[in-house]
Ligand SMILES: Cc1cc2nc3c(=O)[nH]c(=O)nc-3n(C[C@H](O)[C@H](O)[C@H](O)COP(=O)(O)OP(=O)(O)OC[C@H]3O[C@@H](n4cnc5c(N)ncnc54)[C@H](O)[C@@H]3O)c2cc1C
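Residue numbers (the numbering used here): 21 to 396.
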């Protein structure tokens, strides 16, 4: 095999570096930050990504952590379920439930699998030549047979390769993420939808709970993000107010949600491929952004030994990720409804759908979670 350069040490870049190394590639990974501290707190890892992680020997390490058990689904702010299933049903259907982890846990596991010497922290890539595969950093130039640009939603590589592409758009939604100690109360994995508002609660291992929320984007809250969350969600069903009250204000992360609505014409140019958010950043509604980056990485490693690998990678990944980006965006739009009549109709449709088909929530995800990696 040849030499690969990976740009970016997020989940996508790390997974592709590990997957390529396992196929015999000499890999150098450049990350501009001085450490691999991931942005964000919790992460749901679906059955599709677990199967992908099996191909690099990491699936079972994650399965041993916290997976969804018992009821899971969508609720109203008063607590009534609109749609629900169980972790056990998901496991029956896809062979795996959904695993819930701290991002740092997954990043540490991936970094622990990298061959020594391949990681260059604090090294921003400043230029990439798609034709020659020459990658430039302050430390000099490296020529690669394959360049994997996993440089995130604001990817400079994407802009350089596809200058006419409009890039990510603002969805009009802002998000919060926080991890709080479990408050000695029952916590079920659920997402609660209100008028333009969403609050998610996800139990993690180690007596921690990952919470996330979305709302229409606006000015940053004058009294702080924790107060803003209490103002918006403090009257919602248990245990939301109690979890919010326990939050450390300094640990509440807030980011506006962007999406790469316009699909790229290809995920490659010359020797360079785009991977993860650089290729197909999506809204977080399906919990699939990192999962799709993991899929990208193992598919790329599978194809990388054959001629025409870059085009084969685009053919394998662009249609699937485009469908998922669009579906995630449609769900995002449904969560932003604020008109009371529209919200009532939305909720009634979900409740009736759920009564008519107990498997609706899972069936909707069959093509996403039922994916399996290419045979070795
Ligand atoms: C609120 C929220 C919740 C989410 N929840 C989930 C979830 O539950 N499950 C899920 O699967 N996904 C989820 N996602 C999506 C997920 O976070 C992303 O899809 C995923 O982290 C993308 O990984 P990545 O490696 O492609 O990019 P990133 O994580 O953005 O990594 C890019 C890396 O490239 C580095 N970089 C950039 N430019 C350069 C350069 N020039 N040189 C060197 N390095 C560079 C950056 O420093 C960064 O480390 C969520 C997203 C949001 C916003």
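Even for Gly, the Cβ is constructed at its ideal location relative to N, Cα and C. Being a predicted model, the structure only gives us computed values, none of them experimental.
Would you say the stretch 355-363 touches the stretch 85-100, given that touching needs at least three Cβ pairs under 8 Å? no
Regarding residue 107 and ligand 1, is the C-beta to nearest heavy atom distance less than 7 Å? As a first step, residue 107 must be located in the chain shown, where it is residue number 87. If you check the C-beta of residue 107 against ligand 1, you find no heavy atom less than 7 Å away.
Just the Cα atoms here: how many angstroms apart are residue 283 and residue 300? Here residue 283 refers to the residue found at position 263 when the chain shown is read from its first residue. Here residue 300 refers to the residue found at position 280 when the chain shown is read from its first residue. Their Cα atoms are separated by approximately 7 Å.
Can you have a look at residue 240 and say buried or exposed, based on whether 16 or more other CB atoms are within 10 angstroms of its CB? For this step, residue 240 is matched to residue 220 along the chain shown. That one is exposed.
Provide the residue(s) that pair with residue 114 in DSSP beta bridges, ordered along the chain. Working through the chain shown from its first residue, we reach residue 114 at position 94. Residue 114 pairs with nothing; no bridge assigned.
Can you tell me the Cα-Cα spacing of residue 171 and residue 23, whole angstroms? By 1-based counting over the chain shown, the position of residue 171 is 151. By 1-based counting over the chain shown, the position of residue 23 is 3. Looking at the two C-alpha atoms, the distance is approximately 19 Å.
Rounded to a whole number of angstroms, what is the C-alpha to C-alpha distance between residue 181 and residue 235? Along the chain shown, read from residue 1 onward, the residue named residue 181 stands at position 161. Along the chain shown, read from residue 1 onward, the residue named residue 235 stands at position 215. When rounded, the distance between both Cα atoms is 34 Å.
Can you determine whether any heavy atom of ligand 1 sits closer than 7 Å to the C-beta of residue 55, and answer yes or no? The residue given as residue 55 occupies position 35 in the chain shown. Outside the cutoff, so no.
Which of the three DSSP states, helix, strand or coil, is assigned to residue 54? Translated into the one-based positions of the chain shown, residue 54 becomes position 34. Of the three classes helix, strand and coil, the one that applies to residue 54 here is coil, per DSSP.
What is the rounded straight-line gap between the Cα of residue 143 and the Cα of residue 47? On the chain shown, position 123 is the one that residue 143 refers to. On the chain shown, position 27 is the one that residue 47 refers to. Cα to Cα, residue 143 sits roughly 15 Å from residue 47.
N-terminal and C-terminal residue of the alpha helix (DSSP H) that residue 134 is part of: Locating residue 134 in the chain shown gives position 114, counting from the first residue. Looking at the DSSP string, residue 134 is not in any alpha helix (DSSP H), and its letter there is neither H nor E.
What number of angstroms, rounded off, separates the C-alpha of residue 34 from the C-alpha of residue 94? Within the chain shown, residue 34 is the residue found at index 14, counting from 1. Within the chain shown, residue 94 is the residue found at index 74, counting from 1. Spanning the two alpha carbons is a distance of roughly 32 Å.
If you measure from the CB of residue 51, is any heavy atom of ligand 3 nearer than 7 Å? This structure simply doesn't include ligand 3; it includes ligand 1 instead.
In whole angstroms, give me the CA-to-CA distance for residue 265 and residue 252. As a working mapping, residue 265 is identified with position 245 in the chain shown. As a working mapping, residue 252 is identified with position 232 in the chain shown. Cα to Cα, the separation comes out at about 13 Å.
Is residue 232 near ligand 1, with its Cβ less than 7 Å from a heavy atom? Within the chain shown, numbered from 1, the residue matching residue 232 stands at position 212. Yes.
Which class does residue 138 belong to by DSSP, given the choice of helix, strand or coil? Counted from its first residue, the chain shown places residue 138 at position 118. Correct three-state label for residue 138: coil.
For residue 104, I'd like the list of residues in its chain whose CB is within less than 6 Å of its CB, leaving aside the five on either flank, ordered along the chain. Residue mapping note: residue 104 aligns to position 84 of the chain shown, counting from 1. The residues are 91 and 93.
Along the chain, where does the beta strand (DSSP E) containing residue 25 start, and where does it finish? As a working mapping, residue 25 is identified with position 5 in the chain shown. Element bounds for residue 25: 23-27.
Would you report the Cα separation of residue 165 and residue 153, rounded to the nearest angstrom? The residue labelled residue 165 in the question sits at position 145 within the chain shown. The residue labelled residue 153 in the question sits at position 133 within the chain shown. The alpha-carbon atoms of residue 165 and residue 153 are separated by roughly 6 Å.
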